[in-house]
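Worksheet for the structure shown next.
Protein chains: 6
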Amino acid sequence: MLNQNDLNLLQKGEPVNHFLLLKKCEIRNTKTNKQYLYLELGDKTASLNANLWDNFEEFYKQVNTGDVVKVAGSIDEFQGTPQIRINSIRKSNRKDDVLPQDFLPVSKRNPEIMKREILDRMEKISDPYLRTLMKQIFSGENLEKFLKAPAGKSWHHSYIHGLNEHTLEIIKICDLMCDIHPEINRDLLISGAMLHDLGKVEELSYETSFDYTDKGKLLGHIVISAMLINEEAKKISNFPEEIKNCLLHLILSHQGKLEYASPVVPKTLEAITLYQADELSAKVNAYKNALSSNSVSDSKWTKFISLASTDLYNHGIPQEDDEGINKTLFD
Amino acid sequence: MLNQNDLNLLQKGEPVNHFLLLKKCEIRNTKTNKQYLYLELGDKTASLNANLWDNFEEFYKQVNTGDVVKVAGSIDEFQGTPQIRINSIRKSNRKDDVLPQDFLPVSKRNPEIMKREILDRMEKISDPYLRTLMKQIFSGENLEKFLKAPAGKSWHHSYIHGLNEHTLEIIKICDLMCDIHPEINRDLLISGAMLHDLGKVEELSYETSFDYTDKGKLLGHIVISAMLINEEAKKISNFPEEIKNCLLHLILSHQGKLEYASPVVPKTLEAITLYQADELSAKVNAYKNALSSNSVSDSKWTKFISLASTDLYNHGIPQEDDEGINKTLFD
Amino acid sequence: MLNQNDLNLLQKGEPVNHFLLLKKCEIRNTKTNKQYLYLELGDKTASLNANLWDNFEEFYKQVNTGDVVKVAGSIDEFQGTPQIRINSIRKSNRKDDVLPQDFLPVSKRNPEIMKREILDRMEKISDPYLRTLMKQIFSGENLEKFLKAPAGKSWHHSYIHGLNEHTLEIIKICDLMCDIHPEINRDLLISGAMLHDLGKVEELSYETSFDYTDKGKLLGHIVISAMLINEEAKKISNFPEEIKNCLLHLILSHQGKLEYASPVVPKTLEAITLYQADELSAKVNAYKNALSSNSVSDSKWTKFISLASTDLYNHGIPQEDDEGINKTLFD
Amino acid sequence: MLNQNDLNLLQKGEPVNHFLLLKKCEIRNTKTNKQYLYLELGDKTASLNANLWDNFEEFYKQVNTGDVVKVAGSIDEFQGTPQIRINSIRKSNRKDDVLPQDFLPVSKRNPEIMKREILDRMEKISDPYLRTLMKQIFSGENLEKFLKAPAGKSWHHSYIHGLNEHTLEIIKICDLMCDIHPEINRDLLISGAMLHDLGKVEELSYETSFDYTDKGKLLGHIVISAMLINEEAKKISNFPEEIKNCLLHLILSHQGKLEYASPVVPKTLEAITLYQADELSAKVNAYKNALSSNSVSDSKWTKFISLASTDLYNHGIPQEDDEGINKTLFD
Amino acid sequence: MLNQNDLNLLQKGEPVNHFLLLKKCEIRNTKTNKQYLYLELGDKTASLNANLWDNFEEFYKQVNTGDVVKVAGSIDEFQGTPQIRINSIRKSNRKDDVLPQDFLPVSKRNPEIMKREILDRMEKISDPYLRTLMKQIFSGENLEKFLKAPAGKSWHHSYIHGLNEHTLEIIKICDLMCDIHPEINRDLLISGAMLHDLGKVEELSYETSFDYTDKGKLLGHIVISAMLINEEAKKISNFPEEIKNCLLHLILSHQGKLEYASPVVPKTLEAITLYQADELSAKVNAYKNALSSNSVSDSKWTKFISLASTDLYNHGIPQEDDEGINKTLFD
Amino acid sequence: MLNQNDLNLLQKGEPVNHFLLLKKCEIRNTKTNKQYLYLELGDKTASLNANLWDNFEEFYKQVNTGDVVKVAGSIDEFQGTPQIRINSIRKSNRKDDVLPQDFLPVSKRNPEIMKREILDRMEKISDPYLRTLMKQIFSGENLEKFLKAPAGKSWHHSYIHGLNEHTLEIIKICDLMCDIHPEINRDLLISGAMLHDLGKVEELSYETSFDYTDKGKLLGHIVISAMLINEEAKKISNFPEEIKNCLLHLILSHQGKLEYASPVVPKTLEAITLYQADELSAKVNAYKNALSSNSVSDSKWTKFISLASTDLYNHGIPQEDDEGINKTLFD
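Chains as they are written, first to last, in the working numbering: chain G, 70 to 400; chain D, 70 to 400; chain X, 70 to 400; chain F, 70 to 400; chain E, 70 to 400; chain B, 70 to 400.
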């Protein structure tokens with residue numbers, strides 16, 4: 070466990086004596102042809118720039134982006150944005166006992182609680198075929214990856230454990246919709262909710278930063294999910310064809326529209342519910358993050374957010390206390 | 070209270086001795102120039118055609134669409150769809166004690182329970198300005214209309230009490246989202262949810278059938294709502310400008326996109342939540358209704374549903390019992 | 070083999086003594102409430118209407134759409150379109166030795182030649198993994214279905230053997246593009262061309278008429294193809310991951326745009342080539358068919374073709390002789 | 070009244086001894102970490118950059134963007150674009166008798182003449198309800214703001230008095246359309262034209278620069294206008310409901326399409342006329358400005374204009390003399 | 070000159086003794102297989118249906134659609150719409166002295182006045198090259214066709230002389246815009262306005278009804294106009310290339326957007342003015358016609374107008390007298 | 070013929086002693102106000118930057134972009150991209166015997182072979198009118214320009230001789246489609262293919278760089294082609310109107326959709342074939358070039374290609390030898 074102050078809390082002038090993730094490392098030169106080393110360094114709360122003006126060749130040869138480095142220096146400020154003024158820098162070694170993943174953004178919810186929630190909900194699926202399929206898929210390496218992966222590269226739930234956090238939100242919303250509409254097949258819908266973004270564990274890489282894999286860009290998480298479900302269902306004898314097709318349909322249609330990369334549009338009551346529940350969870354999380362990470366000083370308006378096609382407004386209306394954030398959703 | 074069997078339960082050959090709503094009444098003629106009277110007659114469960122071949126002139130002069138008539142005859146079937154074979158027909162009179170609204174489709178939920186739910190939730194708004202505004206608006210004639218109106222002409226919650234039923238669903242979804250995201254201002258969001266479709270009480274007429282009013286087509290329910298809120302907030306001294314603008318923004322942006330007739334897109338966390346919660350409630354209700362009212366005999370597929378741009382699939386997978394439909398959502 | 074004149078060649082007044090496919094069979098009634106039986110009867114060249122005015126109850130109980138019936142009568146004409154005036158009609162029996170598929174539209178090319186072409190081309194794939202995969206997939210039941218299936222319900226190559234005919238055209242175009250551009254990986258492209266629409270054998274039913282299956286509507290042929298390829302490649306030890314992903318990418322992206330139901334857009338040189346070759350083959354075939362089957366008498370213009378968003382023009386400019394239609398494309 | 074040469078007329082090397090509006094004022098630093106003060110200074114004709122390299126801290130603390138400053142120096146040129154080389158700079162004080170608004174772009178038409186034109190036209194409205202409503206709205210503070218406001222932030226008529234200038238152009242066009250088409254209700258159309266953009270007086274701020282207000286971004290000028298008209302019409306007893314709804318419809322639909330932020334599309338003859346007249350006035354003004362302010366040296370083509378989705382062409386064809394610009398449109 | 074009452078003024082029961090244009094003439098048959106002749110007959114004010122039940126074979130052989138026929142009978146009404154009950158009918162002959170064009174809809178403005186207006190305006194073009202080009206084009210057969218042609222098949226100004234009427238409206242609007250904006254090159258703009266739709270004289274046929282020609286559908290009026298101007302300008306020695314290109318650009322871009330079939334978008338100040346002036350003239354005329362010809366009895370709302378994507382509203386607000394309709398626009 | 074190594078082959082540190090095309094030449098200045106000369110220098114294989122820090126005034130006055138200059142110096146590298154470090158530079162003179170066009174990108178195919186191919190194919194057109202028209206157009210200056218011009222500014226076949234190379238590819242594809250579909254009129258289609266982009270010889274300038282001409286931007290190559298064909302066909306007596314209209318239709322519709330700037334959509338079998346063949350040739354060439362010229366070091370993925378709306382993937386799968394590139398397509 071890392072014992073150092075979060076980067077986003079340091080003020081101008083305060084000392085830096087931190088392990089940080091090396092996010093960019095490039096030799097640049099000034100207009101007058103002087104070379105220097107341009108760095109981007111971060112922890113899970115922030116990313117800052119820094120320049121090395123001399124004797125950086127040795128360091129430059131030793132490191133790669135994604136490495137953890139030890140930095141000593143102080144917080145400086147240029148043109149209104151904080152930078153790190155570096156006194157010394159070195160690559161971390163085994164004795165330091167630090168890992169790149171300690172520097173990635175992470176869900177604010179407790180991962181152990183979230184793990185228990187998803188496994189508990191799985192047990193409550195009544196249909197034996199679906200419950201068997203779920204337990205077969207959510208086990209071993211698949212389960213581990215699912216519990217750790219982010220739900221996206223940058224837009225919504227884009228932090229470690231984000232995929233499970235997002236999945237749990239959708240399940241909660243879907244269970245509410247089943248309470249309201251008994252016509253919905255609850256087992257089918259909840260199974261679809263659990264599986265809908267599972268392919269993201271192969272679509273995204275998230276060891277030292279969040280990015281798409283080659284497979285992810287060539288196939289997309291929707292089809293990766295579908296192929297996995299198809300394989301696993303084949304292992305269960307007599308798995309009903311109708312259930313399998315309706316479950317696959319849930320996965321394939323959950324982005325709701327062809328232009329959002331779903332190869333089919335929702336055609337069942339469960340499919341329209343899953344699509345809209347996914348939208349609700351994703352959009353609210355994305356706007357919440359965009360509001361906090363794109364703020365402009367002295368303004369209630371954020372920068373223009375291109376995925377929302379607008380800038381967003383942080384109104385100043387006082388609100389209720391934050392008391393619920395780590396409480397279990399399923400009680 | 071009307072004491073007769075529902076029209077959709079009558080089988081071919083069974084007698085008809087019913088009060089029914091006159092939905093269409095036109096003189097037509099056959100290819101061979103014989104005139105006859107074409108009628109459309111319905112109760113809240115179904116609409117059937119009927120023809121009068123002789124002596125219909127007197128009856129034709131007495132009635133208008135929207136009247137209740139008394140019909141004696143039997144159920145016939147032509148080309149696979151049931152019709153009414155009429156033996157006698159007359160306009161209803163005062164002694165019959167029947168009203169057109171007894172024949173309109175109506176919510177399956179208990180209106181008294183729903184009324185209590187909406188009023189109870191209103192009382193729980195903590196912000197004094199918002200609570201005062203809500204109580205001022207949801208009273209008298211406005212409240213009465215709100216409790217009775219449908220939420221649409223034909224797509225979702227298009228039945229008597231549908232507006233309140235839809236509003237309660239959204240409130241429930243929004244309260245869940247506030248549980249998950251304490252950053253959302255709960256009072257603001259719930260007030261916006263309660264008011265978002267209020268303008269529909271003037272946009273729609275629903276006395277004898279559901280249709281748009283002239284005002285509704287010229288202004289739209291969004292602007293009608295906004296003008297009403299603006300008027301009512303002016304009556305409350307010192308109503309905070311910031312709250313008023315954010316509340317109006319919720320109403321104006323709740324259809325989410327300009328092309329869906331919202332004059333502004335969602336720019337606050339509450340606004341994106343309300344839009345997505347509205348979508349979830351509306352789409353699930355709409356697809357549920359479309360699945361049941363567009364079925365094709367001997368097929369799991371409905372007719373093509375143009376608002377969904379697809380036909381829909383009634384899978385045969387057994388589901389849980391319907392036990393929750395009349396239980397209060399707020400407990 | 071059926072020995073009777075094609076329906077589209079019969080003139081008004083000529084006798085009918087034909088086996089025909091029963092495409093529609095409904096009891097209707099006239100304005101004056103007389104019931105009659107409305108029929109649609111066809112062979113592979115045309116479909117005509119017919120009415121039975123009396124004694125049709127027994128016949129109606131015996132038959133289903135998709136059955137072959139024996140009809141005696143003559144060609145009549147009403148309102149400018151030919152009909153069949155029926156003297157007698159009966160359901161076919163085993164001794165008649167006729168099958169529904171004898172009445173479906175069929176490719177004009179020789180199926181045996183086309184079979185040889187596709188199998189020969191498969192043998193020329195140099196990459197051993199891809200050739201093994203192709204031979205594994207194009208065998209047994211899969212091969213049989215592939216050789217028989219149409220390539221669509223109604224727009225292009227919508228006739229028996231149409232899927233293979235369409236596939237062969239694309240292969241020919243793709244081979245030409247490889248001749249022009251040596252940068253294209255020929256084995257990969259040709260394998261993708263062979264497999265791109267294979268899922269249509271499960272997406273479509275084509276025993277007695279052309280329609281979508283439930284699975285086809287819920288999953289779509291693109292994903293059906295991808296799941297099949299994924300399964301089969303798993304059976305080949307050491308099948309290279311890169312080749313598998315690029316092959317799957319070809320299938321997934323071959324409709325070129327998300328809004329055309331491809332879950333990913335073309336991202337490799339082979340993928341853009343396959344998409345454009347598919348478009349070329351499909352559009353030319355579709356327009357050719359639309360021009361001949363939507364003509365309007367006394368006009369060079371067809372009816373409005375909604376898939377082309379225009380009416381089409383049959384200019385009168387004389388053209389070269391038709392000499393190439395049954396010659397093998399691969400020589 | 071300011072007595073100094075327009076900034077856009079000064080040549081390289083000429084002295085600067087000007088009051089200018091401070092539009093930007095930021096501390097920046099060079100690659101070699103030297104801090105300097107970056108300024109943007111302008112009058113109503115142009116904006117130029119300037120740098121202060123030393124002793125800027127005191128000045129920096131005294132000023133805010135939007136202040137007027139007194140600058141002495143000369144015109145310099147770097148990389149082909151003129152800059153100001155500053156010898157001395159100070160904040161203006163009361164004795165200088167200069168105001169920020171003296172430095173904003175302003176209509177070329179005489180504001181007094183335009184004021185008379187709009188008030189005269191208002192008097193000619195024959196319908197008593199509409200004339201009363203217009204006189205009630207176009208008075209006091211509303212009138213003052215209307216006469217001064219720009220019609221937009223940057224695209225068309227984006228200068229002081231631009232809102233009235235734009236409104237007068239539309240009125241002239243609408244009166245011509247009424248001459249051609251007597252079916253148009255002239256009073257209704259002209260009233261709608263006068264009011265259509267009135268909400269911009271609250272949507273935009275234009276004291277020291279042109280920008281959107283919070284209210285403007287949350288509600289939009291269309292709804293602000295509608296709420297104002299609704300309030301004012303309520304004060305007139307017996308104001309006819311039909312006229313009010315049609316007038317509100319004009320305002321709501323005047324941007325013509327939902328995707329242009331109108332919550333309803335034009336449904337009356339007056340509404341389609343107003344929309345098209347607005348387009349004509351706005352587009353011609355916008356293109357005229359874009360042609361003159363985006364020119365590229367040594368080219369007849371402007372820079373790419375993103376709102377027009379093209380670059381524009383200044384052809385060299387000689388044209389008639391400019392003689393009409395200040396003559397009254399209404400004579 | 071035809072001396073008979075307009076068809077749209079005849080009431081049910083009134084006698085018909087009229088020459089009418091034969092717009093449709095088809096043999097149909099009833100459900101019970103009785104053949105009859107279905108006719109559509111019209112003058113320039115209306116079109117009515119009629120049926121001939123007996124002895125129609127001889128008549129059917131003599132006539133073609135587009136012929137004028139003499140009809141005796143009376144006005145009947147079926148299903149709420151008037152029909153003609155025919156007593157006798159015959160084809161017109163030379164002695165009748167009637168022509169098909171007497172039965173086409175025609176502009177309400179005086180064609181001689183409009184001819185004078187367009188020729189007078191042409192003389193006022195100051196640029197000698199443009200004036201010469203205009204006089205060369207607007208002469209002989211071209212001029213005759215231009216003065217007679219409609220401006221469209223059905224949407225706006227779709228009546229005889231409509232092309233000139235529409236062109237004159239645009240000229241009037243453009244002259245107003247030149248008064249407001251002296252930056253516009255008036256000669257260029259007015260020349261473009263005169264020529265912009267000239268190609269419609271070859272795109273449309275309008276002898277016996279309004280329809281597209283083969284050439285019109287294959288090339289479109291925009292390119293037909295451009296080719297004609299190109300040819301005629303080549304005949305004028307030293308015609309300036311810059312003027313020619315800008316004039317062609319006006320014609321090519323006057324539909325404003327690529328998706329409206331303009332091959333280039335407006336890139337000059339004149340081009341944007343012409344596009345918006347065309348839109349204003351076309352839309353107001355189209356909506357005016359749609360309001361009067363799509364009215365629904367007992368409703369202020371028209372039928373749904375697909376080209377406007379809405380139904381339209383005939384408000385009941387009294388308006389000024391129609392006094393200007395035949396007065397010359399240019400005085 | 071230029072005797073120097075290609076720029077894209079030079080390594081860091083290697084000497085430069087080259088004639089190069091001057092593509093950009095601007096005086097810039099550093100943050101500290103020092104002026105320098107910024108240059109962009111290239112041959113047909115690459116473009117590199119260079120800076121002159123002193124004594125550049127004389128050189129700057131002598132040259133214009135588009136000139137050839139002689140440069141001595143060496144290859145340097147800053148921030149990972151190569152630059153030229155200049156020791157001396159001078160403008161080329163007549164004795165140097167170098168021309169700007171020697172420095173433009175050029176087709177890899179042999180231009181003499183391509184010239185023979187296009188002329189040979191022209192001779193094989195059987196229809197005498199079309200063959201005469203082709204020979205008339207493809208002669209003299211038109212032919213010369215056609216053989217040299219690129220087919221675009223930057224997207225596909227954007228190199229010298231690219232227009233002919235692209236045209237030949239389309240012809241080959243079209244001939245294949247005629248082999249498959251004898252219903253296509255081969256003469257018409259091939260003539261359309263030859264002419265479809267001919268207008269690009271006037272739309273583009275390609276003497277010293279590739280850019281659009283004024284005429285090209287105002288009219289577009291489609292209409293330029295159409296006007297030329299119209300003129301030339303008028304010179305041939307009795308040129309059949311039907312052939313002329315269908316040929317013009319091919320040119321006008323060959324971009325397939327209105328939004329791609331075709332003023333009409335394809336309405337004949339030849340037109341749909343030409344559009345799809347053009348797409349196939351253009352897209353494959355464009356993606357091939359984009360893959361090679363947008364590569365990112367150490368990545369199989371290119372930069373984001375905005376015209377493809379995606380980044381592209383260079384898979385590592387080995388492919389067949391490049392043996393065919395200079396062989397004649399028509400043998």
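Think of the CB as a built atom: it goes at the ideal place given N, C-alpha and C, for glycine as much as any other residue.
All values reported here derive from a predicted model rather than from experimental measurement.
Check your understanding: Can you check whether the CB of Leu110(X) is closer than 7 Å to the CB of Leu117(X)?
Key -> Position 48 of the third sequence, counted from the start, is the residue given in the question as residue 117(X). Position 41 of the third sequence, counted from the start, is the residue given in the question as residue 110(X). Contact: yes.
Review point. What residues from the region 272 to 303 of chain D come within 8 Å of chain E, judged by C-beta to C-beta, listed N to C?
Key: Asp283, Lys286, Leu287
Check your understanding: Any heavy atom of the ligand GTP within a distance shorter than 6 Å of the CB on Leu319(E)?
Key -> The ligand GTP is absent from the structure shown, which contains no ligand whatsoever.
**Study point:** Closest Cα partner of Lys357(E) within the set Asn254(F), Leu349(F), Leu376(F), Asp283(F)
**Key:** If you number the fifth sequence from 1, residue 357(E) lands on position 288. Comparing Cα positions, the closest option is Asn254(F).
Point to revise | Cβ shell of Lys217(F) (< 7 Å), same chain only, five flanking positions each side left out | key: Position 148 of the fourth sequence holds residue 217(F). Ile229, His230, listed in sequence order.
Check your understanding: Run through DSSP, which three-state label would Arg154(B) get?
Key -> Looking up residue 154(B) in the sixth sequence gives position 85. Note: Arg154(B) maps to strand in three-state DSSP.
**Study point:** CB of Ala119(X) within 7 Å of CB of Ile155(X), strictly
**Key:** Here residue 119(X) corresponds to residue number 50 of the third sequence, with the count starting at 1. Here residue 155(X) corresponds to residue number 86 of the third sequence, with the count starting at 1. Yes; because the gap between Cβ atoms is below 7 Å, this pair is in contact.
Exercise for review: Could you name the residues of the same chain whose beta carbon sits closer than 6 Å to that of Asp380(F), not counting the 5 residues immediately before and after it, in chain order?
Suggested key: Reading the fourth sequence from its first residue, position 311 is the one you call residue 380(F). For Asp380(F), where only same-chain residues beyond five positions count, the Cβ hits under 6 Å are Trp370, Thr371, Phe373.
Check your understanding: Where does Gln131(G) sit, in a helix, a strand or coil, going by DSSP?
Key -> Translated into positions along the first sequence, residue 131(G) becomes position 62. Helix, per DSSP.
Practice item. Using a Cβ cut-off of 8 Å, pull out every chain D residue sitting near Glu328(F), in sequence order please. Key: The residue given as residue 328(F) occupies position 259 in the fourth sequence. By Cβ distance, chain D contributes Leu327, Glu328.
Point to revise | the region 160 to 171 of chain X contacting the region 239 to 247 of chain X, beta-carbon criterion three pairs below 8 Å | key: no
Point to revise | Per-residue contacts from Asp335(X) into chain G (C-beta, under 8 Å) | key: If you number the third sequence from 1, residue 335(X) lands on position 266. In the sequence as displayed, the identity of residue 335(X) is Pro instead of Asp. Chain G residues near Pro335(X): none, gap ~10 Å exceeds 8 Å.
Check your understanding: What are the residues that DSSP puts in a beta bridge with Ile96(D)?
Key -> Here the question's residue 96(D) lines up with position 27 in the second sequence. Answer by DSSP bridge pairing, in chain order: Leu106(D).
Check your understanding: From the DSSP output, which residues share a beta bridge with Glu146(E)?
Key -> Taking the fifth sequence and counting its residues from 1, one reaches residue 146(E) at position 77. Glu146(E) pairs with Pro151(E).
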